[in-house]
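**Student:** This note's numbering applies: residue 81 is where the sequence shown begins, and numbers increase by one.
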Amino acid sequence: MKSAHHIATKAWVLFGLFAISGVAIFLRIILIQLDPSHEDMSAMLPQVRTIDPERGRILSADGHLLAASVPRFDLHWDPTVIDTKEETQEFLSALPELAQALATEFGGKSAQGWRNHLVDAHRSGKSRYVAIARNIEWDRRQAVQSFPWISDRSRNRSGFMFSEKPRRDKPFSPLANRTIGLHRPNGGSVGIEAAFDEALSGKSGQRLMRRIHGNYWIPATDDFIQVPEMGRDVRTTIDLRTQDVATDALRAQVNHHAAEWGCAVVMEVQTGNVVAIANLVRDPETGQCAESYNHAIGTAVEPGSTFKLASVMALLESGRMLATDTIDTGDGAFRPTQGCSKMTDTSHPDGGYGPLRLEEVFERSSNVGTAKAVQQVFGNDPQAWLDALTDIGLGQPLGIKLAGEGQPQMHASTTERSWSACSLTSMSIGYEVAMTPLQTTAFYNTIAADGRLIRPRFADALLDGDKVTTTFDTEVISERVASRTTITALQSMMERVCAPGGHGTAEDVFRDRPYSVAGKTGTARATASGGGYKGHRASFAGYFPAEKPAFTISVVVQRPTEHGYYGGVVAAPVFRAIADHLHGTRPDLVEMEPGLLAEVPRLPVSMNGSASILTSLYEELGLPFTIDSTANGEVPSHVAASTGDGLVTLTSRAVTESSIPDVRGMSLRDAVRLLETRGMRVDINGRGTVRRQSIAPGTAPRQGQTILLELS
Numbered sequence: 081m082k083s084a085h086h087i088a089t090k091a092w093v094l095f096g097l098f099a100i101s102g103v104a105i106f107l108r109i110i111l112i113q114l115d116p117s118h119e120d121m122s123a124m125l126p127q128v129r130t131i132d133p134e135r136g137r138i139l140s141a142d143g144h145l146l147a148a149s150v151p152r153f154d155l156h157w158d159p160t161v162i163d164t165k166e167e168t169q170e171f172l173s174a175l176p177e178l179a180q181a182l183a184t185e186f187g188g189k190s191a192q193g194w195r196n197h198l199v200d201a202h203r204s205g206k207s208r209y210v211a212i213a214r215n216i217e218w219d220r221r222q223a224v225q226s227f228p229w230i231s232d233r234s235r236n237r238s239g240f241m242f243s244e245k246p247r248r249d250k251p252f253s254p255l256a257n258r259t260i261g262l263h264r265p266n267g268g269s270v271g272i273e274a275a276f277d278e279a280l281s282g283k284s285g286q287r288l289m290r291r292i293h294g295n296y297w298i299p300a301t302d303d304f305i306q307v308p309e310m311g312r313d314v315r316t317t318i319d320l321r322t323q324d325v326a327t328d329a330l331r332a333q334v335n336h337h338a339a340e341w342g343c344a345v346v347m348e349v350q351t352g353n354v355v356a357i358a359n360l361v362r363d364p365e366t367g368q369c370a371e372s373y374n375h376a377i378g379t380a381v382e383p384g385s386t387f388k389l390a391s392v393m394a395l396l397e398s399g400r401m402l403a404t405d406t407i408d409t410g411d412g413a414f415r416p417t418q419g420c421s422k423m424t425d426t427s428h429p430d431g432g433y434g435p436l437r438l439e440e441v442f443e444r445s446s447n448v449g450t451a452k453a454v455q456q457v458f459g460n461d462p463q464a465w466l467d468a469l470t471d472i473g474l475g476q477p478l479g480i481k482l483a484g485e486g487q488p489q490m491h492a493s494t495t496e497r498s499w500s501a502c503s504l505t506s507m508s509i510g511y512e513v514a515m516t517p518l519q520t521t522a523f524y525n526t527i528a529a530d531g532r533l534i535r536p537r538f539a540d541a542l543l544d545g546d547k548v549t550t551t552f553d554t555e556v557i558s559e560r561v562a563s564r565t566t567i568t569a570l571q572s573m574m575e576r577v578c579a580p581g582g583h584g585t586a587e588d589v590f591r592d593r594p595y596s597v598a599g600k601t602g603t604a605r606a607t608a609s610g611g612g613y614k615g616h617r618a619s620f621a622g623y624f625p626a627e628k629p630a631f632t633i634s635v636v637v638q639r640p641t642e643h644g645y646y647g648g649v650v651a652a653p654v655f656r657a658i659a660d661h662l663h664g665t666r667p668d669l670v671e672m673e674p675g676l677l678a679e680v681p682r683l684p685v686s687m688n689g690s691a692s693i694l695t696s697l698y699e700e701l702g703l704p705f706t707i708d709s710t711a712n713g714e715v716p717s718h719v720a721a722s723t724g725d726g727l728v729t730l731t732s733r734a735v736t737e738s739s740i741p742d743v744r745g746m747s748l749r750d751a752v753r754l755l756e757t758r759g760m761r762v763d764i765n766g767r768g769t770v771r772r773q774s775i776a777p778g779t780a781p782r783q784g785q786t787i788l789l790e791l792s
């Protein structure tokens with residue numbers, strides 16, 4: 081019995097020991113799983129992972145980078161690669177110089193602090209991921225690779241590794257910021273980034289990757305299983321110089337008048353190309369302006385007097401009124417019917433214009449005259465008025481490529497509950513109707529384009545490198561929104577508004593300008609968020625040159641609170657600044673006798689640069705020139721220019737893709753284009769032509785490297 085009892089006791093003891101061991105092992109497993117420093121070895125085995133391609137670039141019309149994916153890197157260290165006494169000794173010997181290099185490059189710690197940080201991480205052996213630096217640029221990455229200990233070892237032996245995470249940069253931000261848009265990988269992209277996302281995105285690839293910590297992965301091999309295809313570039317219609325001028329002019333007026341926000345749109349008449357689109361929202365606390373919302377595309381507002389163009393177009397198209405017919409504006413006050421608000425011509429100092437021809441009603445922007453004319457023609461059949469507005473292209477969105485276009489608002493039928501006895505005359509002067517500034521631009525452009533309604537275009541091509549793969553043609557929504565007779569009459573009326581010496585509401589704005597303008601001012605009460613009206617909205621829309629329209633421009637400024645609020649005072653000066661710039665930089669807008677400048681004894685100082693641009697300019701100005709061909713008889717792509725013997729001589733200037741070109745003497749535009757196509761970042765100091773460059777010509781370019789150009 082004792083023997084049996086002894087055996088049973090031993091069995092229970094052994095059972096207890098096994099049970100305790102099992103519990104200990106179980107607890108150890110739990111603790112290991114909960115230990116954040118523990119690395120799941122199975123998860124660290126190489127895996128095939130999807131590799132996102134480099135996103136395509138967004139370019140200006142002349143090739144400048146508006147948005148591009150720029151590589152940024154996180155630097156970390158895996159101390160566990162140092163696993164022998166010999167390597168440990170080598171590391172400790174190199175550590176003082178390495179720590180000093182880290183302190184100099186990244187700061188944050190002294191050299192001694194970096195030494196302690198790395199030694200502690202190596203001794204603990206708990207983590208294969210020690211963060212060193214985040215979001216470092218390409219040139220700093222290259223600098224790190226030359227550090228002691230790192231430079232003479234592969235990444236697998238030094239332990240220092242980079243993980244890349246591209247960042248979308250906008251070199252010219254905030255210019256056209258909202259129109260260029262934002263790319264959000266998980267959805268919610270806006271602007272051109274969203275509209276052309278499929279082309280910009282490219283095609284994903286595959287690569288064998290190894291996880292080193294958390295969600296950080298590094299390549300397990302140097303080769304791809306499937307190489308990702310880079311996205312295509314989008315060439316926009318935005319001209320950077322015009323965009324810059326439009327933004328500066330708009331900012332000046334928004335600030336001067338302490339306005340809520342403002343926008344400006346510049347569109348080519350015949351193509352619909354939007355060459356500039358500025359949107360500025362002013363912070364009332366700081367007075368700073370920012371591109372935080374695209375009002376030009378997304379905000380439909382009551383246009384006020386700029387809508388009178390549509391009213392007069394409908395009147396003329398009805399066949400029941402001519403531009404020379406007379407409307408009696410009386411004493412400048414008019415109540416359409418009982419229950420309607422009284423309309424006034426507040427701009428007339430004596431309280432009324434008396435009898436005016438329809439063309440004079442438009443010229444002076446008479447509310448009373450416009451409302452009386454519309455009531456006279458359409459008062460007995462207001463549905464015909466609504467139909468007439470629809471026929472001339474109003475009430476429908478433009479259907480632009482970019483998302484977020486504001487929905488125009490207009491009564492469709494007189495049977496609607498919102499229609500009242502006051503609606504006809506209210507609409508005639510730009511109330512109870514809403515349009516976005518871009519829609520107003522497109523409508524005014526129909527007058528400049530002889531009746532064609534053209535869809536605004538923000539991009540004209542997709543590119544693969546320098547090769548155009550897809551083009552986007554001009555889209556005509558309607559070949560003719562009104563008769564030729566009506567369009568001609570409206571062109572004349574719009575010119576009268578801006579003609580010096582006349583009675584137009586913009587007569588003072590364009591006095592003494594070397595070009596002619598056709599346009600219309602607008603001043604409207606601004607609707608308040610809780611109903612009713614609060615403040616005013618100033619606007620101006622038109623085109624120039626009036627005799628040969630090239631550009632249509634519209635400007636809207638919301639709630640100016642200082643120094644006036646009329647469209648001619650607040651908005652028209654922005655138009656003028658943009659037109660001044662375009663007239664001064666576009667030789668094709670200047671009427672001159674052929675060869676006139678060639679008769680000037682002294683030729684202008686010439687610039688180096690693109691052969692095609694310089695020869696086109698000399699031909700346009702009538703300047704005599706000669707161009708030397710290359711050794712194989714071809715016309716060179718880039719030239720050096722010199723003057724003498726009564727003509728400009730252009731000689732070939734070698735430009736290779738594998739080296740930094742000599743851009744001295746070039747225009748800023750040509751220099752930036754050449755350098756950016758080599759992946760370089762350009763900093764600029766001064767104005768004029770390039771006089772000095774910080775990196776010598778012939779040097780091999782590095783991706784993301786910065787070069788300073790000094791201009792004079």
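Glycine is no exception: its CB is placed at the ideal position from the N, C-alpha and C atoms.
Which partner residues does Phe-620 have in the DSSP bridge list?
**Tutor:** For this step, residue 620 is matched to residue 540 along the sequence shown. Bridge partners of Phe-620: Thr-601, Val-635.
**Student:** Grouping DSSP H, G and I as helix and E and B as strand, with all else coil, what is Gln-456?
**Tutor:** The residue given as residue 456 occupies position 376 in the sequence shown. It is helical.
**Student:** I'd like the span of the beta strand (DSSP E) that includes Pro-299, first residue to last.
**Tutor:** Working through the sequence shown from its first residue, we reach residue 299 at position 219. Counting along the chain, the beta strand (DSSP E) containing Pro-299 begins and ends at 296 to 299.
**Student:** For a minimum of 4 consecutive residues, which ranges assigned as the alpha helix (DSSP H) are wholly contained in the region 358 to 417?
**Tutor:** 375 to 378, 388 to 398
**Student:** Compare the Cα-Cα distances from Arg-617 to each of Glu-642, Pro-251, Lys-628, Tyr-623 and report the closest residue.
**Tutor:** As a first step, residue 617 must be located in the sequence shown, where it is residue number 537. Comparing Cα positions, the closest option is Glu-642.
**Student:** What separation, rounded to the nearest whole angstrom, lies between the Cα atoms of Val-345 and Val-635?
**Tutor:** For the purposes of this step, residue 345 is taken as the residue at position 265 of the sequence shown. For the purposes of this step, residue 635 is taken as the residue at position 555 of the sequence shown. Rounded to the nearest whole angstrom, the CA to CA distance from Val-345 to Val-635 is 7 Å.
**Student:** Mind checking whether Arg-576 and Gly-531 have CB atoms under 8 Å apart?
**Tutor:** Position 496 of the sequence shown, counted from the first residue, corresponds to residue 576. Position 451 of the sequence shown, counted from the first residue, corresponds to residue 531. Cβ distance not < 8 Å, so Arg-576 and Gly-531 don't count as in contact.
**Student:** Might you give, ordered along the chain, the residues of its own chain that have their beta carbon closer than 7 Å to the beta carbon of Arg-287, omitting 5 neighbours on each side?
**Tutor:** Here residue 287 corresponds to residue number 207 of the sequence shown, with the count starting at 1. Cβ neighbours of Arg-287 beyond the five flanking positions: Arg-129, Ile-131, Pro-299, Phe-304, Ile-305.
**Student:** Please tell me whether Asp-154 and Tyr-209 are closer than 8 Å, where the distance is taken between their beta carbons.
**Tutor:** In the sequence shown, residue 154 corresponds to position 74, counting from 1. In the sequence shown, residue 209 corresponds to position 129, counting from 1. Cβ atoms of Asp-154 and Tyr-209: not closer than 8 Å.
**Student:** If you draw a straight line from the alpha carbon of Ala-223 to that of Gln-783, how long is it in whole angstroms?
**Tutor:** In the sequence shown, the residue the question calls residue 223 occupies position 143. In the sequence shown, the residue the question calls residue 783 occupies position 703. Going from the Cα of Ala-223 to the Cα of Gln-783 covers about 13 Å.
**Student:** Can you list, in chain order, the residues of its chain with a C-beta nearer than 6 Å to that of Thr-757? Leave out the 5 residues immediately preceding and following it.
**Tutor:** Within the sequence shown, numbered from 1, the residue matching residue 757 stands at position 677. Once the five neighbours on either side are set aside, Thr-757 has no close Cβ partner at all.
**Student:** For a quick check, are the C-beta atoms of Arg-753 and His-336 less than 8 Å apart?
**Tutor:** By one-based count along the sequence shown, residue 753 stands at place 673. By one-based count along the sequence shown, residue 336 stands at place 256. In this structure, His-336 does not lie closer than 8 Å to Arg-753 by Cβ.
**Student:** Roughly how many angstroms lie between the CA atoms of Gln-169 and Arg-220, to the nearest whole one?
**Tutor:** Residue mapping note: residue 169 aligns to position 89 of the sequence shown, counting from 1. Residue mapping note: residue 220 aligns to position 140 of the sequence shown, counting from 1. When rounded, the distance between both Cα atoms is 28 Å.
**Student:** Per the contact definition of three or more C-beta pairs closer than 8 Å, is the region 643 to 661 in contact with the region 318 to 328?
**Tutor:** yes
**Student:** Could you check if Ser-717 is buried or exposed, using at least 16 other CB atoms within 10 Å of its CB as the buried criterion?
**Tutor:** Reading the sequence shown from its first residue, position 637 is the one you call residue 717. Exposed.
**Student:** Helix, strand or coil: which one does DSSP assign to Asn-353?
**Tutor:** In the sequence shown, residue 353 corresponds to position 273, counting from 1. For Asn-353, the three-state secondary structure derived from DSSP is strand.
**Student:** Which same chain residues, not among the five before or five after Phe-240, have their C-beta less than 6 Å away from its C-beta?
**Tutor:** In the sequence shown, residue 240 corresponds to position 160, counting from 1. So the list reads Trp-157, Ile-230, once near-sequence residues are dropped.
**Student:** May I ask you to report which of helix, strand or coil DSSP gives Val-156?
**Tutor:** Counting from 1 along the sequence shown, the entry for residue 156 is found at position 76. Just to set this straight, residue 156 is His in the shown sequence, not Val. In the three-state reduction of the DSSP assignment, His-156 falls in the strand class, which pools E and B.
**Student:** Looking only at DSSP bridge pairs, what is Gly-239 linked to?
**Tutor:** Here residue 239 refers to the residue found at position 159 when the sequence shown is read from its first residue. DSSP output for Gly-239 lists no bridge partner at all.
**Student:** Please report the residue range of the alpha helix (DSSP H) in which Phe-276 lies.
**Tutor:** Residue mapping note: residue 276 aligns to position 196 of the sequence shown, counting from 1. Neither: Phe-276 is in no alpha helix (DSSP H) and is coded neither H nor E.
**Student:** Measure the alpha-carbon distance for Leu-478 versus Ser-506 and round it to whole angstroms.
**Tutor:** Here residue 478 is taken as the residue at index 398 of the sequence shown, counted from 1. Here residue 506 is taken as the residue at index 426 of the sequence shown, counted from 1. Across the structure, Leu-478 and Ser-506 are spaced so that their CA atoms are roughly 24 Å apart.
**Student:** Could you tell me the distance, in whole angstroms, from the CA atom of Gly-449 to the CA atom of Ala-326?
**Tutor:** Working through the sequence shown from its first residue, we reach residue 449 at position 369. Working through the sequence shown from its first residue, we reach residue 326 at position 246. Whole-angstrom Cα-Cα distance: 34 Å.
**Student:** So, is Pro-704 buried or exposed, given that buried needs 16 or more other C-beta atoms within 10 angstroms?
**Tutor:** In the sequence shown, residue 704 corresponds to position 624, counting from 1. When all chains shown are included, Pro-704 counts as exposed.
**Student:** Can you tell which of Ala-468, Arg-591, Thr-607, Gly-584 has its C-alpha closest to the C-alpha of Gly-599?
**Tutor:** Here residue 599 corresponds to residue number 519 of the sequence shown, with the count starting at 1. The option with the nearest alpha carbon to Gly-599 is Gly-584.
**Student:** Rounded to a whole number of angstroms, what is the C-alpha to C-alpha distance between Ala-356 and Val-650?
**Tutor:** Indexing the sequence shown from 1 puts residue 356 at position 276. Indexing the sequence shown from 1 puts residue 650 at position 570. Approximately 19 Å, taken between the alpha carbons.
**Student:** Buried or exposed for Asp-313, going by 16 or more other Cβ atoms inside 10 Å?
**Tutor:** Taking the first residue of the sequence shown as 1, we reach residue 313 at position 233. By the neighbour-count rule (16 or more Cβ atoms within 10 Å), Asp-313 is buried.
**Student:** Just list the residues that DSSP pairs Thr-470 with in beta bridges.
**Tutor:** Numbered from 1 along the sequence shown, position 390 holds the residue referred to as residue 470. For Thr-470, which the question treats as bridged, DSSP gives no partner whatsoever.
**Student:** Going by other Cβ atoms of all chains shown within 10 Å of its Cβ, with 16 needed for buried, is Glu-699 buried or exposed?
**Tutor:** On the sequence shown, residue 699 is found 619 positions in, with the first residue counted as 1. Exposed, since its Cβ has fewer than 16 Cβ neighbours within 10 Å.
**Student:** Does DSSP classify Gln-487 as helix, strand or coil?
**Tutor:** Counting from 1 along the sequence shown, the entry for residue 487 is found at position 407. Note: Gln-487 maps to coil in three-state DSSP.
**Student:** If you check the beta carbons only, do Thr-317 and Phe-538 fall under 8 Å apart?
**Tutor:** Reading the sequence shown from its first residue, position 237 is the one you call residue 317. Reading the sequence shown from its first residue, position 458 is the one you call residue 538. Yes, Cβ-Cβ distance for Thr-317 and Phe-538 is below 8 Å.
**Student:** Less than 8 Å separating the beta-carbons of Thr-160 and Gly-205?
**Tutor:** Working through the sequence shown from its first residue, we reach residue 160 at position 80. Working through the sequence shown from its first residue, we reach residue 205 at position 125. Yes, Cβ-Cβ distance for Thr-160 and Gly-205 is below 8 Å.
**Student:** Is the region 382 to 392 in contact with the region 548 to 563, if contact means three or more CB pairs nearer than 8 Å?
**Tutor:** no
**Student:** When the Cβ atoms of the region 604 to 624 are set against those of the region 463 to 481, are three or more pairs found closer than 8 Å?
**Tutor:** no
**Student:** Would you call the CB atoms of Leu-518 and Met-490 closer than 8 Å?
**Tutor:** Stepping through the sequence shown from its first residue, residue 518 is reached at position 438. Stepping through the sequence shown from its first residue, residue 490 is reached at position 410. Result no, Cβ atoms of Leu-518 and Met-490 do not sit closer than 8 Å.
**Student:** What do you get for Asn-460, buried or exposed, if any count of 16 or more other CB atoms within 10 angstroms of its CB means buried?
**Tutor:** Here residue 460 refers to the residue found at position 380 when the sequence shown is read from its first residue. So Asn-460 counts as exposed.
**Student:** Within the continuous beta strand (DSSP E) that includes Lys-547, where are the two ends?
**Tutor:** As a working note, residue 547 is residue 467 in the sequence shown. It spans 547 to 551 - the beta strand (DSSP E) in which Lys-547 sits, taken as one unbroken run.
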